[in-house]
Structures are given as C-alpha cells and as structure tokens.
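Just add 188 to the spot in the sequence shown (first one is 1) and you have our numbering. Notes for the one structure printed next.
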Amino acid sequence: MDLNTMLGMPGDALRVTRAEWRRSIARVIQEAFAFHYQRNEGYRAQCDLVRVCPRDIVGDIDLHRIPLLPAVLFKQVAARAVLTTNLADIEIEVRSAGSGGVPSVSPRDATTVTRASVGVFGSFRDFFDLSNGAGLFLCSSKPGVAGVHMPKAFDLFACTLDDFSFAPHNRPFDIRDALTQLRSWEGARNRHLIGTPLAISRLMKVLELESIRMDLGPQALIIMFGSRHQYTRYLGTRDEFNDEAWRLLGVERCRIRDVYGMAESTMVAIECEHQRKHVPPWCYASIRDVANPAIEIEPGRTGAIAILDALNAASPGFLLSDDVGEVDESDCPCGRKGQTLTVRGTHDVAQYGRAVASRRIIGGGRRWR
189 MDLNTMLGMP GDALRVTRAE WRRSIARVIQ EAFAFHYQRN EGYRAQCDLV
239 RVCPRDIVGD IDLHRIPLLP AVLFKQVAAR AVLTTNLADI EIEVRSAGSG
289 GVPSVSPRDA TTVTRASVGV FGSFRDFFDL SNGAGLFLCS SKPGVAGVHM
339 PKAFDLFACT LDDFSFAPHN RPFDIRDALT QLRSWEGARN RHLIGTPLAI
389 SRLMKVLELE SIRMDLGPQA LIIMFGSRHQ YTRYLGTRDE FNDEAWRLLG
439 VERCRIRDVY GMAESTMVAI ECEHQRKHVP PWCYASIRDV ANPAIEIEPG
489 RTGAIAILDA LNAASPGFLL SDDVGEVDES DCPCGRKGQT LTVRGTHDVA
539 QYGRAVASRR IIGGGRRWR
C-alpha cells in the first residue's frame, strides 16, 4: 500500500494483515527518508556521519536506524534550520505551547498541509463514524493552554458535523451558555463535546457544583484534544474522568476518546472504542532508551517516544519527542492492526543524553532483539 492510498483510506490501511502493514510502513518510511536524504543537505550530512543511507532501510526491522530530530530543534526559529523545502514555500507554521512552556514551531509546506488535512480528516471519519450531529467545542479561557495549533484541529473536526458552536475563550467560562447550546440541540441532533481534558473536566465540575445532570444520549461522544500534561497532573486518573462523564453527562466509557498529537509532527493517534490510541498508517512509533535515545527498546517497555512520519515533506518527519510511553503491536479488539500507543507524560529534558541537550541529530543505534 502506498502513501496516497493510506491517506485516502486510513481506515482500510489500518485493517490490512500485519504482514502487509509491516511491508507498507517500511516502504513509505524508506521513501520519505530517501526524499529528505536527497534534498536536505544538513540532514544528509548528519546521516553520513552515522553511516546510514536509504539503501540501508530494507524492512521494518531497519527503521530504528533512521536518524532522529530531537523535539528541542523545533523550539522557536531553530525549526527553520532543518527544513527540506525552501522557506519561501512554507504555507503555515503550526505552533503549540510546548513542553515546559517553551513554544514549538513546525513549518509546513503545501504538500504537507494537503496530506495532513486529507489523512487526519479521513481518520476522524473512521474512528468517530461521524457525518452529522452537533458539537460544542470547549476552549480554555487561558490563552495558549490548548496550544496554538488546536483551533486548526477543531476546525477540521467541525467539518464532520452539521452544526457546531465554540464556547467563548476570551472570557471566563459561562456554564449557562454551554447548557443553553446543548439543550437547543436536544432531540434534534446527536450531541458531542470536544475540547481539552481540562476544559471538559471544568464543565463537569460546574455541573457537579450546580447539582445538574445532563444525559447527552447514547450516541454522544466526548473527544479530547491536547493538554495531556494538565490532564496527567491535575485531573486525576482516566477511570475517574470516565466515571464522572457517565454520572454527569450520561456518556459511556467507550464513547470517550482521547487524541494524541504534537505540533512538531503530523502524527495524530486517535483512540478507538477500547481506548487504545492507534498510530496512523503512515507513521511508525519507536520507543527509545531514555538514557541513550539511539537505542530502540522492545514493545511493552516504557521509554522516550520517537515518531517516524512519512507524510511530512517540509522537514524530516523523524522526531524524538519529549514524551514517554509504550508501544503495543498486538491486534486490537476493534479490528485495526498496526501499533497502539500509551502516553505516560513528559520527562525532564535533563534526563536525555548529551545529543538532545546539544540539539544534535540522533543517529540510529542498536535495536532490541
């Protein structure tokens, strides 16, 4: 399966046999690596230093050898230093609040924007099975909490609905506005809540204080984007969140979904009804030893999350993130193959090796046996 087919029908691409998935992911990542190796002099020089070239990437067992860009390279103007395309060809710069409060910037050219829009929109359709209904988008009143790139994800998701409304984000959250909007759709459309975990939790806390119970209906979805770090630190466990959503909003566990992404990558991992985050078919998740990110560790072990993304044409899409977690390559009960990702949170950059601290590209090293 080629990249265009993956982007056009991501649901089908996640339901091929595991052998076909391995062949396909190796092929599209190898082709992306060759694209950047041939066109990006700086990246090619770093690859040559560690003696790896596209000919060395034959199958999925070789993907760990592709050199990675540490996320620190995408802090502010440093992102422009790793561009494959010309600066004049950049269409947008995707930004987020970044870990540790340091903003991240990811330049995107027209090819990358088009690919991402098609692939992510198709993924939303596949996972959420939406072609109608109404969505209330909850935005935090604190600027930048959700990340500057979140409104773009919200806008794209809104295309799957036939009506939607945004809660005001430039003033304190007004529970009456939200309730009035949700009640206006009652009996006419399926109702969905979309926003950061922090914003949705805030709504539920207000409902609790006001002794309000609202049953959104059996087809309602709660879809969470971004703010994983606030969720981890302040909002309790996911099970507690699920219980509150059922008690206050009547939304079942299987209808509560989290979406994991990062501004530095086009990768968007969406939860299925079993609350497993599926890596999109054009990406490969590689878990690295935190002490030595050049070493890939086996599925099931916790380490630094690296993402190899075949979609990005603006800069090499091979990223070592600031997040830690595990990857699982077992089949999911939902029927999708490929990989699922568990994100545990963000680790201190100081725990990384010197390569990350000095903003050097990380060469591929040993792989688990």
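Here a beta-carbon is modelled for each residue, glycine too, at the ideal position from N, C-alpha and C. A quick note: this is a predicted structure, and the numbers were derived from the prediction, not measured.
Mapping DSSP to helix, strand and coil, what is residue 235?
helix
Just to confirm the assignment, what range does the beta strand (DSSP E) spanning residue 296 have?
292-297
Spatial neighbours of residue 335 in its chain, beta-carbon cut-off 7 Å, leaving aside the 5 residues before and after:
In this predicted model, residue 335 has a pLDDT of only 43, less than 50, meaning its place in the structure is not dependable enough to derive any value.
Alpha carbons only, please: which of 491, 353, 448 is nearest the one belonging to residue 321?
353
For residue 355 and residue 329, the rounded distance between their alpha carbons:
Note that residue 329 has pLDDT 41, beneath the 50 cutoff, so the model's placement of it is unreliable and no number is given.
For residue 304, which residues in the same chain have their Cβ closer than 8 Å to its Cβ, ignoring the five residues on either side in sequence?
296, 454, 499
Grouping DSSP H, G and I as helix and E and B as strand, with all else coil, what is residue 194?
helix
How would you label residue 253, buried or exposed, when you count the other beta carbons within 10 angstroms and need 16 or more for buried?
buried
Between residue 438 and residue 406, what straight-line distance do the alpha-carbon atoms span, to the nearest angstrom?
8 Å
Residue range of the beta strand (DSSP E) that includes residue 443:
Note, residue 443: premise wrong, no beta strand (DSSP E); not H, not E.
Sort out for me which residues DSSP pairs residue 507 with in a bridge.
257, 495
Length of the line joining the Cα atoms of residue 134 and residue 503:
Nothing in the structure corresponds to residue 134, since the chain is present only between 189 and 557.
Please return the same chain residues whose Cβ sits closer than 6 Å to the Cβ of residue 206, not counting the five positions on each side in sequence.
525
Closest residue to residue 476 among 236, 465, 508 (Cα-Cα distance):
508
DSSP state of residue 374 mapped onto helix, strand, coil:
coil
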